[in-house]
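Protein chains in written order, with the working numbering: chain A, 1 to 373; chain B, 1 to 373.
So the structure is just underneath, and the comments pick up after that.
2 protein chains.
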Amino acid sequence: MSQFSYEILHIDSHTGARTGVFHTPHGDVCTPIFMPVGTAATVKSLLPSTLEEIGAQIVLSNTYHLYLRPGSELVARAGGLHAFMNWNRPILTDSGGFQVFSLGDLRKISDEGVTFSSHLDGSRHIFTPESVMKTQHELGADIIMAFDECSTYGCDKTYARKAMTRTHKWLERCAKAHENGKQMLFPIVQGNMFADLREESVKFVRDFAECGIAVGGLSVGEPSEVMYRMMDVIRPYLPENMPRYLMGVGTPDYILEGIERGIDMFDCVLPTRIARNGTAMTSHGKVVVRNGCYKEDFTPLDDECDCYCCRNFTKAYLRHLVNCKEILAAELLSIHNVHFLLKLVEGAREAIKSDSFAEYKRQFYAKYYAKKQ
Amino acid sequence: MSQFSYEILHIDSHTGARTGVFHTPHGDVCTPIFMPVGTAATVKSLLPSTLEEIGAQIVLSNTYHLYLRPGSELVARAGGLHAFMNWNRPILTDSGGFQVFSLGDLRKISDEGVTFSSHLDGSRHIFTPESVMKTQHELGADIIMAFDECSTYGCDKTYARKAMTRTHKWLERCAKAHENGKQMLFPIVQGNMFADLREESVKFVRDFAECGIAVGGLSVGEPSEVMYRMMDVIRPYLPENMPRYLMGVGTPDYILEGIERGIDMFDCVLPTRIARNGTAMTSHGKVVVRNGCYKEDFTPLDDECDCYCCRNFTKAYLRHLVNCKEILAAELLSIHNVHFLLKLVEGAREAIKSDSFAEYKRQFYAKYYAKKQ
């Protein structure tokens with residue numbers, strides 16, 4: 001019997017937003033969920049014990065980065081990614097597809113796979129559906145992703161179709177190369193911003209979805225209305241009985257709009273990346289901690305937050321740390337930002353249970369955008 | 001009644017090393033103790049909660065840095081350093097003397113004080129004994145240091161005497177300017193590497209020592225034998241009934257040699273600084289984590305250590321983090337290194353209680369230097 005299953009607890013009667021439990025070999029994940037990103041087998045600046053304290057249920061790690069450094073064979077010899085990075089809850093690895101396509105001139109795509117030069121030392125490598133499955137088997141995450149081609153936003157329909165077709169063929173090869181029962185393979189819906197391609201893609205890939213399906217190639221530069229339209233197009237064709245993962249999405253509004261459109265899983269580097277730049281997400285909108293107005297602000301970042309940072313430190317102190325380029329600034333702001341998104345999805349789960357998700361979203365927006373209104 | 005007192009628990013019968021308890025307004029400090037350095041109101045990369053977990057009892061912070069950024073008036077308005085940095089155990093601030101003298105061409109010394117240019121923006125400032133007391137009053141540490149002139153190692157005796165005499169005159173002014181009963185002023189013994197000056201200095205400054213005395217100007221480049229000789233020279237004149245603090249000393253051997261010579265308190269940036277460079281202090285000597293030999297070393301940094309880093313991570317993982325310039329490397333190695341020195345002094349306290357400090361030191365050296373022997 002599979003170690004993976006998805007249990008729907010409740011569907012919001014007004015929006016159709018879902019809350020459920022995703023059972024995995026490393027424990028349960030309550031959905032909707034946000035997954036912090038640990039690119040190089042570390043969620044930047046956060047101890048695993050800190051991540052657990054702030055309620056992270058699952059983290060994402062990047063196959064491309066780990067393939068190059070320290071190498072997936074080494075991770076396998078260390079006992080897999082969970083043991084290597086000391087994270088005993090579920091892990092998801094991406095396929096490296098998005099990263100190698102982002103290399104631009106450094107990569108060449110063919111039906112066989114993608115040949116690319118390492119951004120670290122220029123060495124030549126090839127990723128194929130089969131090699132990417134092998135790498136993800138060695139890393140040993142609970143959830144692994146199919147190797148897909150994410151066509152650039154703005155490309156013409158001919159190219160978008162070509163990339164989608166290639167993604168589908170690669171998916172067949174990924175499914176064939178993936179045989180173990182310990183890891184769950186998520187296929188990825190592509191199709192750029194073309195409604196008919198998106199529909200064609202979701203109809204094709206869902207047959208490969210055993211307990212999870214992903215939507216790729218969104219939030220890549222398109223206007224939000226376009227993104228929402230694509231989600232609405234595919235929604236009727238998404239399987240009900242498994243988690244749906246919207247890849248690379250992590251702003252509060254995109255998360256809420258995704259949840260409203262039946263999405264269960266999200267990931268993004270945003271909370272930790274902006275933390276390292278000295279920016280916080282709060283219930284009253286973004287706070288650029290460096291700003292002079294916080295020089296003598298002896299109140300917490302977010303008066304509605306109960307994270308370690310907000311319980312113990314003031315904006316004046318955080319601003320001082322940012323000004324001094326102290327590592328502690330990145331840590332405290334990362335704690336806050338990741339906690340903030342985890343609280344956002346926790347609140348969404350509760351709201352869905354009481355059929356009040358639309359009201360939850362409305363109230364969040366009212367505060368989050370209050371300054372701008 | 002003073003909130004400060006020092007209680008000797010035991011004196012090692014063979015070496016004269018002491019263990020005791022230093023009572024302060026923010027709690028007790030068991031001596032001998034190592035104080036991690038939190039230059040800019042943060043022990044670099046460590047959350048205060050993490051510092052507490054690894055057993056830090058007191059931290060040091062730098063007046064020069066805090067005077068420039070964020071300014072001591074701001075810290076005072078924040079409720080003092082303890083509230084500002086969320087550290088509720090004892091704090092010691094230095095006087096800024098060592099930092100401004102280290103500015104070289106950027107400073108000018110007179111009997112009045114030291115005029116200097118900020119290393120941050122070139123702005124001109126003056127530190128006098130009176131201004132430094134005021135700054136330290138605003139910061140609000142439990143223990144504050146007299147403003148002293150630390151003459152350069154290698155200077156001639158005429159200059160060393162001049163700097164010592166100035167230090168003594170400044171001490172008189174500091175004592176006069178310091179009137180509150182909430183903070184304890186530690187006078188500082190100077191005298192460079194001249195035995196007669198050291199003797200003269202300790203005899204002068206001990207009259208100003210109410211509950212604590214410091215030894216400055218050692219471990220500044222001189223051979224260790226010279227440093228030990230200076231400590232032996234002043235030892236007979238150090239008051240028994242108060243803590244003795246050897247400033248800026250933090251290598252394991254200097255700490256042990258200091259304890260053997262009756263020293264109770266130590267501080268140094270070493271454990272956190274080398275951590276950020278990827279180096280660990282272990283019971284088997286230094287470990288440069290980046291070294292290729294650790295690539296597939298799936299054992300902890302130090303097999304005798306029970307810190308969070310050693311309980312949960314391997315050298316191979318730490319090496320990967322260092323190679324990727326991940327912030328987590330600095331955090332985990334800082335946790336280990338600070339914990340290592342805190343364990344070293346904890347072991348010393350236990351050994352002193354059973355009159356076995358010399359044996360404790362011998363056993364530590366046998367392992368620490370095993371590789372080199």
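We put the CB at the ideal spot given by N, CA and C, even for glycine.
Annotation: C155(B) is outside any beta strand (DSSP E) and is labelled neither H nor E by DSSP.
Rounded to the nearest whole angstrom, the CA to CA distance from S5(B) to N88(B) is 19 Å. Here the alpha carbons of A56(B) and P36(B) stand approximately 7 Å from one another.
Interface criterion not met: the Cβ of K353(B) is under 8 Å from no Cβ in chain A. Annotation: the continuous alpha helix (DSSP H) that includes A83(A) extends over 81-85. When I109(A), D303(A), R244(A), E138(A) are compared, the shortest CA-CA separation from M281(A) is found for D303(A).
For V220(A), the closest C-alpha among the options C211(A), M184(A), C155(A) is that of C155(A). DSSP places E257(B) inside the alpha helix (DSSP H), whose first and last residues are 252-260. Contact fails between the region 44-55 of chain B and the region 261-269 of chain A, because fewer than three Cβ pairs, one in each stretch, are under 8 Å apart. Secondary structure remark: continuous alpha helix (DSSP H) runs of at least 4 residues inside the region 130-190 of chain B, in chain order: 157-177. Rounded to whole angstroms, the Cβ separation of R107(B) and F101(B) is 7 Å, and the two are in contact under 8 Å. When S356(A), K325(A), A177(A), Y254(A) are compared, the shortest CA-CA separation from R69(B) is found for K325(A). For the pair T63(B) and L139(B), the CB atoms are nearer than the 8 Å cut-off. Proximity of chain B to P271(A) at the Cβ level (cut-off 8 Å) is not reached, the minimal Cβ distance being about 15 Å.
Under the three-state reduction of DSSP, V29(B) is assigned to strand.
S45(B) is a Cβ neighbour of S334(B), given a cutoff of 8 Å. Contact of I327(B) with chain A by beta-carbon distance below 7 Å involves K44, S45, I327, A330. The closest CA to that of I33(B), considering only N323(B), L256(B), C307(B), Y228(B), is found on L256(B). Taken atom to atom, the span from the alpha-carbon of P236(B) to that of D148(B) is near 22 Å. Taking all protein chains in view, the Cβ of E225(A) is surrounded by fewer than 16 other Cβ atoms within 10 Å, so the residue is classified as exposed. Here I213(A) carries a strand assignment [DSSP, helix/strand/coil]. Interface with chain A (8 Å Cβ-Cβ cutoff): H26(B) is excluded. Straight through space, the alpha carbons of A351(A) and V202(A) are spaced by roughly 28 Å.
Judged by DSSP in its simplified three-state form, S118(B) adopts coil rather than helix or strand.
Here the C-alpha atom of A275(A) lies approximately 10 Å from the C-alpha atom of V322(A). Among the residues facing chain A, S72(B) is not included, as its CB has no counterpart in that chain under 8 Å away.
Using beta-carbon distances, T314(B) counts as an interface residue toward chain A, with a partner under 8 Å. Within the region 89-113 of chain A, complete alpha helix (DSSP H) segments of at least 4 residues are found at 97-101, given in chain order. Nearest CB-CB separation between C155(B) and chain A: not below the 8 Å threshold.
Contact between T42(A) and M85(A) holds: CB atoms are separated by about 6 Å, below the 8 Å threshold. Put simply, of P90(B), H82(B), G113(B) the residue whose alpha carbon is nearest the alpha carbon of G96(B) is G113(B). In the structure shown, the three-state DSSP call for S72(B) is helix. Think of a sphere of 8 Å around the beta carbon of Y308(B): the chain A residues whose beta carbon falls inside it are L47, S49, in chain order. Residue state for L246(A) is assigned as strand, using DSSP reduced to three classes. Counting along the chain, A348(A) sits inside the alpha helix (DSSP H) bounded by residues 327-353.
A straight line joining the alpha-carbon of E222(B) with that of M230(B) spans about 11 Å.
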